[in-house]
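Data block below; observations after.
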Amino acid sequence: MKLLEPLDINGMVLPNRVMAPAMVTRLADEEGWVTQEISDRYVRYAEGGVGLIVVEAMAIHHSNSGPLLRISDDKFVPGLADMVRRIHDTSDSMVVPQIIHFMKISKSGWRQTVDMLSDEDIEAIIGQFGDAVRRAREAGFDGAEIHSAHAYTLASFMSRRNTRTDRYGGDSLEGRLHVIGRVMEDVRRKVGRDFPVGVRFLADEFIKGGNTASDTKLIALRLAQLGFDYLSLSVGGKLEDAEHIPGQVPHPYTGYSGERCMPGSLFPPGLHVDLVSDIKAFLMEKGYDLPVAAAGKLSTPAVAEKALVDGKCDFIGIARGLLADPDWVKKVRAGRDDQLIACDYCNVCKALDGAHKKVVCFLWPKGEIQAPMIDPNAGALSWGEGRGGLTVTLDGGKAKLRWDKVEGAVRYEVYRADDDGAVQIEDALKITNWTDGNILGGIRYHYYVRACGASGQVSPPSNSVVIEPAIPVYQAAREYSQTA
Ligand SMILES: Cc1cc2nc3c(=O)[nH]c(=O)nc-3n(C[C@H](O)[C@H](O)[C@H](O)COP(=O)(O)O)c2cc1C
1 MKLLEPLDIN
11 GMVLPNRVMA
21 PAMVTRLADE
31 EGWVTQEISD
41 RYVRYAEGGV
51 GLIVVEAMAI
61 HHSNSGPLLR
71 ISDDKFVPGL
81 ADMVRRIHDT
91 SDSMVVPQII
101 HFMKISKSGW
111 RQTVDMLSDE
121 DIEAIIGQFG
131 DAVRRAREAG
141 FDGAEIHSAH
151 AYTLASFMSR
161 RNTRTDRYGG
171 DSLEGRLHVI
181 GRVMEDVRRK
191 VGRDFPVGVR
201 FLADEFIKGG
211 NTASDTKLIA
221 LRLAQLGFDY
231 LSLSVGGKLE
241 DAEHIPGQVP
251 HPYTGYSGER
261 CMPGSLFPPG
271 LHVDLVSDIK
281 AFLMEKGYDL
291 PVAAAGKLST
301 PAVAEKALVD
311 GKCDFIGIAR
321 GLLADPDWVK
331 KVRAGRDDQL
341 IACDYCNVCK
351 ALDGAHKKVV
361 CFLWPKGEIQ
371 APMIDPNAGA
381 LSWGEGRGGL
391 TVTLDGGKAK
401 LRWDKVEGAV
411 RYEVYRADDD
421 GAVQIEDALK
431 ITNWTDGNIL
441 GGIRYHYYVR
451 ACGASGQVSP
461 PSNSVVIEPA
471 IPVYQAAREY
481 SQTA
């Protein structure tokens, strides 16, 4: 399996091609120190055998932002070093920090934009990035990732929405890329060429007047020319289209661009892979073959594997899927895909992050701060004689499913395949019925349900049921289509 092949990134050898991309946990303390809980969260990924762990965005400057990790001072190095040591002692997972600068924003909705930064501010930011990467090296990280995505400072310089008119100006692509060039210059001066440094940026901003694929392939080329060792592509997550609830700080993941960044259950799997693939193809055409990562609903092993086998990207970012099941790699390696705890993209984690609350997964047992460890002695879940008694009935254009309760189950997962195609999880819920309002006449739908226990154990699939709603008759339309 290509997913399980190693990948060498400037000497940092990932044991497999699965990356946990940066995902804020809100488990740091208010001052930005590493806590036991945050360290445990990342060790858990190492236990699961994740190839590359990107530790959530940590700030290079001193600005209030709730429980967010800091790498803004040498005093933070020992705490970070401790966490890195625990990860390295656990498995051969590689670990890098994501390094961020963000601008000020207030509850009134006011926010600082790049045109408000003075030359001195910009010089300070450039130096802070270099210092932070140096600290990452001192803390024992295997490399570092510069955050130039979403609503944050470096991405805002790169954006077509940058309104500066000086040498960092938005009116030319070179102007928009000047800060990242200066940052990389400072980083390399401080850590040398042999320390792997990647960058996360946006394949598309998904905002009006923002960067699209025609800009971002050129941005990717410049990042490759600057000597970044890997590119990790995200999309959207901008403040330009964020909702502003009076009295609350606007959150960059609330508008359409935010929806694209952390796509919910209604979006198709692997929805950003083709954007990434176009960028990768362009780089190859220009003679650059650096590793490129995609993210966005790639937690189905077959979908992730296909993206790699088709050469669309070189490694796979799985954020919410690995939060749900940090043992993803272990299970896929053991051929136990049927035991994966499948993320249903309900985005409870995203909502917790937005509310500055500890980020946990809705699929974990209530009250848990970390994913449950698989308990080999936990009793197997069984459907019994009736294999679940799953039934489906058609009611007003909706498919209504019901099934039997299973002793010891804490939730049920509903799976669906359309016209015998790929199976996809549709929902995870605690009750024993579910309604599918998203079916179209003329297509055949198969369903089955799995029961899940508190210790990560999963039942075999229930009996499966099929429904094939008829195409409604719209007489006039039909007559027209037959005679046209
Ligand atoms: C709660 C939460 C926090 C996130 N924090 C970060 C972050 O710190 N840095 C970042 O680049 N992306 C962040 N992301 C985006 C993810 O890395 C990822 O790109 C996105 O969730 C899509 O991947 P997925 O479908 O595998 O979850 C976050 C996503 C979520 C849900």
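Numbering follows full-length UniProt numbering, in which position 164 of the sequence shown is assigned residue number 164; successive positions increment by one, without gaps. Cβ coordinates follow ideal geometry from the N, Cα and C atoms, glycine included.
request  = Ignore the nearest five residues each way along the sequence and tell me which others in A409's own chain have a CB closer than 8 Å to its CB.
outcome  = The residue given as residue 409 occupies position 409 in the sequence shown. So the list reads L381, A451, C452, G453 and S459, once near-sequence residues are dropped.
ask   = Who are the near neighbours of R387 in its chain, counting only those whose CB is closer than 8 Å to its CB and skipping five residues on each side?
value = Position 387 of the sequence shown, counting from 1, holds the residue named residue 387. Cβ neighbours of R387 beyond the five flanking positions: S462 and N463.
ask   = Which residues in the same chain as V13 place their Cβ atom closer than 6 Å to its Cβ, once the five residues preceding and following it in sequence are excluded?
value = Mapped onto the sequence shown, residue 13 falls at position 13. Excluding sequence neighbours, V13 sits near P6.
key: Distance between A22 and G227 (C-alpha atoms, nearest Å)   = In the sequence shown, counting from the first residue as 1, residue 227 sits at position 227. In the sequence shown, counting from the first residue as 1, residue 22 sits at position 22. Cα to Cα, G227 sits roughly 21 Å from A22.
key: A484 (DSSP reduced to helix, strand or coil)   = Counting from 1 along the sequence shown, the entry for residue 484 is found at position 484. With a pLDDT of only 48 at A484, under 50, the local geometry of the prediction cannot be trusted, and the value read off the model is given with reservation. Judged by DSSP in its simplified three-state form, A484 adopts coil rather than helix or strand.
message = Quick check on the burial criterion: 16 or more other C-beta atoms within 10 angstroms. Buried or exposed for V309?
response = Start at 1 with the first residue of the sequence shown, and residue 309 comes out as number 309. Exposed.
ask   = How many angstroms separate the CA atom of S234 from the CA atom of G66?
value = Start at 1 with the first residue of the sequence shown, and residue 234 comes out as number 234. Start at 1 with the first residue of the sequence shown, and residue 66 comes out as number 66. Roughly 24 Å separates the two Cα atoms.
inquiry  = Would you call the segment 334-343 in contact with the segment 26-42, where contact means no fewer than 3 C-beta pairs closer than 8 Å?
reply    = With the cut-off at 8 Å, the segment 334-343 and the segment 26-42 do not touch.
ask   = Near A399, which residues of its chain fall below 6 Å by C-beta distance, leaving aside the five closest residues on each side in sequence?
value = Within the sequence shown, the letter at position 399 stands for residue 399. Once the five neighbours on either side are set aside, the close Cβ partners of A399 are V392, D436, I439 and I467.
request  = Take D338 as the anchor and find which of A319, D194, L275 and V423 has the nearest alpha-carbon.
outcome  = Within the sequence shown, numbered from 1, the residue matching residue 338 stands at position 338. Closest option to D338, Cα to Cα, is V423.
ask   = Residues bridged to M58 by DSSP?
value = Numbered from its first residue, the sequence shown carries residue 58 at position 58. Beta-bridge pairing links M58 to I99.
inquiry  = Using only the alpha-carbon positions, how far apart do Q225 and E185 sit?
reply    = Counting from one through the sequence shown, the residue named residue 225 turns up at place 225. Counting from one through the sequence shown, the residue named residue 185 turns up at place 185. Near 12 Å, if we compare the C-alpha coordinates of E185 and Q225.
task = Kindly confirm or deny that the segment 105-117 and the segment 44-64 touch, where touching means at least three C-beta pairs closer than 8 Å.
result = Contact between the segment 105-117 and the segment 44-64 is absent, because fewer than three Cβ pairs lie under 8 Å.
key: Identity of the residue in D395, K286 and L239 nearest H251 by Cα   = For this step, residue 251 is matched to residue 251 along the sequence shown. Looking at the Cα atoms, L239 is the closest of the given residues.
request  = Enumerate, from N- to C-terminal direction, the unbroken beta strand (DSSP E) stretches of 3 or more residues contained entirely within the segment 391-454.
outcome  = Taken in chain order, the complete beta strand (DSSP E) segments of 3 or more residues contained in the segment 391-454 are 391-395, 398-402, 409-418, 423-429, 433-436 and 445-453.
message = On the CB-based measure, 16 or more other CB atoms within 10 Å of its CB, does L266 come out buried or exposed?
response = On the sequence shown, residue 266 is found 266 positions in, with the first residue counted as 1. Flag for L266 reads exposed.
query = Does DSSP put E5 in a helix, in a strand, or in coil?
reply = Looking up residue 5 in the sequence shown gives position 5. E5: coil per DSSP, three-state reduction.
request  = Determine the direct distance from the alpha carbon of E479 to that of D419, and round the result to whole angstroms.
outcome  = Residue mapping note: residue 419 aligns to position 419 of the sequence shown, counting from 1. Residue mapping note: residue 479 aligns to position 479 of the sequence shown, counting from 1. Roughly 27 Å separates the two Cα atoms.
ask   = By DSSP, does residue 526 sit in helix, in strand, or in coil?
value = No information on residue 526 is available, as it lies outside the stretch 1 to 484 that the chain covers here.
ask   = Rounded to a whole number of angstroms, what is the C-alpha to C-alpha distance between P15 and V54?
value = Along the sequence shown, one-based indexing puts residue 15 at 15. Along the sequence shown, one-based indexing puts residue 54 at 54. Going by the C-alpha atoms only, they are around 14 Å apart.
request  = Using only alpha-carbon positions, find the residue among G287, V292 and E259 that is nearest to L275.
outcome  = Reading the sequence shown from its first residue, position 275 is the one you call residue 275. Ranking G287, V292 and E259 by Cα distance to L275 puts V292 first.
inquiry  = Rounded to the nearest angstrom, what separates G170 and D115 at their Cα positions?
reply    = Position 170 of the sequence shown holds residue 170. Position 115 of the sequence shown holds residue 115. Spanning the two alpha carbons is a distance of roughly 9 Å.
Every unbroken alpha helix (DSSP H) within the segment 167-244, with a cutoff of 4 residues, ordered by chain = Fully enclosed alpha helix (DSSP H) runs of 4 or longer: 173-176, 178-191 and 213-225.
message = For a test of the three-state rule: what should DSSP assign to F315, helix, strand or coil?
response = Locating residue 315 in the sequence shown gives position 315, where the first residue counts as 1. In the structure shown, F315 adopts extended strand secondary structure according to DSSP, grouped into three states.
Nearest to G317 (by Cα), restricted to the options A294, T300, G335 and G79 = What you label residue 317 is simply residue 317 of the sequence shown in a count that begins at 1. Minimum Cα distance to G317 is reached at A294.
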